[in-house]
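**Student:** Numbering (UniProt numbering), first residue to last: 1 to 235. Note that CB positions come from ideal geometry on N, CA and C, so glycine has one too. What follows is a structure written as structure tokens; I'll ask about it next.
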């Protein structure tokens, strides 16, 4: 319970992965990847339930070791790689409802964001409370301005690639852009049930530090996360 709200953490972890086999349980600095999100949720201290949404009993057993609950596995239709994360969230909330557990807020924590901290999670939920928001999504500053990006024609010509206005500006003069980093989605369950999108006037951003915002998808991402975790452990 947090500010009179019952809150559930939902950590989605389908078995396998096209890009990186069994990415979600791949060992990162001595722990399976899913462990980082479970431990961060536990240490945040605001959750009534920490649930791992998975189609794998092996993943479920690992999750329980680190403090998550897995009272049920995903349905077969949501085990495919075509299933959306939001469908998995809906199924989880519905299944908990059938066993008499309802929550005011869910916080989706993607396991591919292992550097997200307990403090980030609490701050995102506090952002929701302060703004009376229906949803809060974590973002971080973009590494490169999209104003320096464009598509290329088949012949790779750079004619008109950048506007003259952009060419005359220094990097410091460009506006700051942010990107969704995939680490935290805090959403009121009632709002989720009636909305087509979580990006509207009742939604707000929580700005996370870049160093906490890595999203693991490739072996290179793993290596970067490993390095950053080692540096954190030295402090």
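Excluding five sequence neighbours on each side, which residues of the same chain lie with their C-beta closer than 8 Å to the C-beta of residue 228?
**Tutor:** As a position in the chain shown, residue 228 is number 228, starting the count at 1. Answer for residue 228: 115, 211 and 214, listed in chain order.
**Student:** For the alpha helix (DSSP H) holding residue 88, just list the boundary residues, first then last.
**Tutor:** Translated into positions along the chain shown, residue 88 becomes position 88. Run containing residue 88: 85-98, per the alpha helix (DSSP H) assignment.
**Student:** Can you look up residue 205 in the DSSP assignment and give me helix, strand or coil?
**Tutor:** For this step, residue 205 is matched to residue 205 along the chain shown. In the structure shown, residue 205 sits in a strand (DSSP, three-state: E or B).
**Student:** For the region 149-180, which segments carrying the alpha helix (DSSP H) assignment without a break, of at least 4 residues, lie completely within its bounds, in sequence order?
**Tutor:** Those alpha helix (DSSP H) runs which fall completely within the region 149-180 and span 4+ residues are 164-167.
**Student:** Going by Cα to Cα distance, which pick from 29, 161, 90 and 155 is closest to residue 190?
**Tutor:** In the chain shown, residue 190 corresponds to position 190, counting from 1. Answer by Cα proximity: 90.
**Student:** Is the beta carbon of residue 204 sitting closer than 9 Å to the one on residue 131?
**Tutor:** On the chain shown, position 204 is the one that residue 204 refers to. On the chain shown, position 131 is the one that residue 131 refers to. Against a cut-off of 9 Å, the Cβ pair of residue 131 and residue 204 comes out as a contact.
**Student:** Give a yes or no on whether the C-beta atoms belonging to residue 236 and residue 207 are separated by under 9 Å.
**Tutor:** In the structure displayed, the chain extends from 1 to 235; residue 236 sits before or after that span and is not available.
**Student:** By the three-class DSSP mapping on this structure, what secondary structure does residue 122 have?
**Tutor:** Walking along the chain shown from the start, residue 122 turns up at place 122. In this structure, residue 122 counts as helix in the three-state DSSP scheme.
**Student:** Check whether the Cβ of residue 21 sits closer than 8 Å to any heavy atom of the ligand ZN, and report yes or no.
**Tutor:** The model depicted lacks the ligand ZN and carries no ligand whatsoever.
**Student:** What is the residue span of the alpha helix (DSSP H) that residue 39 lies within?
**Tutor:** Residue mapping note: residue 39 aligns to position 39 of the chain shown, counting from 1. Residue 39 -> alpha helix (DSSP H) spans 33-44.
**Student:** With a cut-off of 8 Å, do at least 3 Cβ pairs link the region 165-184 to the region 73-86?
**Tutor:** With a cut-off of 8 Å, the region 73-86 and the region 165-184 do not count as touching, because too few Cβ pairs lie within range.
**Student:** Could you please give the first and the last residue of the uninterrupted beta strand (DSSP E) stretch that includes residue 64?
**Tutor:** Within the chain shown, numbered from 1, the residue matching residue 64 stands at position 64. Looking at the DSSP string, residue 64 is not in any beta strand (DSSP E); the run it does join, the alpha helix (DSSP H), is 57-65.
**Student:** Could you give the distance in angstroms between the alpha-carbon of residue 93 and the alpha-carbon of residue 1?
**Tutor:** Translated into the one-based positions of the chain shown, residue 93 becomes position 93. Translated into the one-based positions of the chain shown, residue 1 becomes position 1. The alpha-carbon atoms of residue 93 and residue 1 are separated by roughly 17 Å.
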